[in-house]
Amino acid sequence: MFKTLKEAFRNKDIRIKIFIVLGLLVLFRLGCWIPVPGIGAVVFERSVNDQTFLSLLSGISGGALSNGAILALGVSPYITAQIVVQLLSMAIPSWERLSKEGEEGKKKLTKYTKVLTLILATAQAIGIVVSFASKSAVVDGNTVYGINASLFGGISWLTSAVVVMVLVAGAMFTMWLGEKITETGIANGLSLLIFVGILSTAGTAIYQSIVESTNDPAKIWQLIAFMVALIIIFSMIVLMDGAERKVPVQYAKQVRGRKMYGGQSTNIPIKLMGTGVLPIIFAMSLLSFPQIVMSIFWPTSSAATWYNQHLGAGSWAYSVIVGILILFFAYFTSYMS
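If you want it as structure tokens, here you go:
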């Protein structure tokens, strides 16, 4: 691995691309901490921590949702839009033809995906404003509201409109970051942003666990077991992601005049995990979309309570359905590519 990195940095073009990707990731992390004007970050943090699913969503976005940051929506609207467009490209004949027209058709489908991302981001941003506008928290004797209407002289609708526009702009900016990272050829931008988001929140959680274990010796063995399991899991992920089957190919010999050509043997490498992490992302996003809608618009309804108990993250039904959806999207993504 270190030899590969060393060789990569010797190549000027690859070195420049790596620094570009690192710069884009720095922008992403900055956006996860810059607060949205008119938002009470304390209210967001407490509300997110009270709901398991929103905590999971905040973890994927690098903590941006709990921070009330400009990139609070993360990659969720873009992922959902990609799923919808890919499914519709199999159901609508004209879109199916576009998917088979090569680069030109791909550009049109990408345009549709961006438009749908804008629509979904707007809907989610409005839902966040509606959900958090009436919530409040007392901090140091002062009441902090989810949406601070005093930002524009007490005009609540103007404050809400600004919050919606900033959140939507943040979602579109996140989509742009993912596309630019993908264009460098270093990595898949969407997967890398999710990885960085999870890694940043996981690092904070591990640090807190270490601090707690130093205060409580009984938790030291739990921490050691967790770290060993983490290393084993990451090792297996890397091993499976890099695994490939080499199919041998033998070229036929050809005689031209008095000379013989061909007859060479080679192989075609076929990756075991050719679809990568996309099926997992698609499966979790599709199953979590109803939960996002209900947690934002109808958080206390009986339907939301039933969904969280029976189909929410952590339930056995959730694990089974996610497993089935991963198999489906693995086949679907392989077929589309």
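The working numbering puts the first residue of the sequence shown at 360, with every later residue one more than the last. Even for Gly, the Cβ is constructed at its ideal location relative to N, Cα and C.
Would you mind sorting residue i into buried or exposed? The rule is 16 or more other CB atoms within 10 Å of its CB.
i	result
alanine 440	buried
isoleucine 629	exposed
isoleucine 478	exposed
glycine 623	A quick correction: the sequence has glutamine, not glycine, at residue 623. Flag for glutamine 623 reads exposed.
glycine 422	buried
asparagine 370	exposed
glycine 529	buried
valine 497	In this prediction, valine 497 scores a pLDDT of 48, lower than 50, which makes its location untrustworthy; the coordinate-derived value is nonetheless stated afterwards. By the neighbour-count rule (16 or more Cβ atoms within 10 Å), valine 497 is not buried but exposed.
tyrosine 666	buried
methionine 586	exposed
alanine 561	exposed
phenylalanine 641	buried
methionine 643	buried
leucine 432	buried
alanine 450	exposed
Would you grab the beta carbon distance between residue i and residue j for me? Rounded to a whole angstrom, and I think it's under 8 Å.
i	j	result
serine 420	valine 407	Wrong, their Cβ atoms sit about 10 Å apart, outside the cutoff.
threonine 335	leucine 389	The chain is shown only over 360 to 696; residue 335 falls outside these bounds and no answer can be derived.
glutamate 404	serine 435	About 19 Å separates the two Cβ atoms, so there is no contact after all.
lysine 467	leucine 457	5 Å
Measuring alpha carbon to alpha carbon, tell me which of the options ends up nearest residue i.
i	options	result
aspartate 372	Gly544, Ala520 and Ala423	Gly544
cysteine 391	Lys376, Ser490, Arg374 and Leu526	Leu526
glycine 382	Thr692, Ile640, Leu536 and Ser453	Leu536
isoleucine 553	Ile438, Ile683, Gln445 and Thr692	Ile438
leucine 600	Val489, Met632 and Ser448	Rather than leucine, the amino acid found at residue 600 in this sequence is aspartate. For the residues Val489, Met632 and Ser448, the minimum Cα distance to aspartate 600 belongs to Met632.
proline 638	Ser693, Val522, Ala676 and Ser678	Ser693
lysine 605	Ile590, Ile627 and Phe387	Ile627
Would you kindly report the start and end of the unbroken beta strand (DSSP E) that includes residue i?
i	result
valine 488	Element bounds for valine 488: not the beta strand (DSSP E) but the alpha helix (DSSP H), 462 to 491.
serine 550	Taken as a continuous stretch (DSSP letters only), serine 550 belongs to no beta strand (DSSP E), being part of the alpha helix (DSSP H) at 548 to 574.
isoleucine 629	624 to 630
valine 608	603 to 609
Along the chain, where does the alpha helix (DSSP H) containing residue i start, and where does it finish?
i	result
valine 395	Per DSSP, valine 395 belongs to no alpha helix (DSSP H) and is neither H nor E.
glycine 382	371 to 390
alanine 428	Element bounds for alanine 428: n/a, residue is neither H nor E.
alanine 663	661 to 669
ask   = Counting only runs that start and end within the stretch 430 to 458, where is the alpha helix (DSSP H) found for 4 or more residues in a row?
value = Taking only runs of at least 4 residues, the alpha helix (DSSP H) segments lying wholly in the stretch 430 to 458 are 435 to 450 and 452 to 458.
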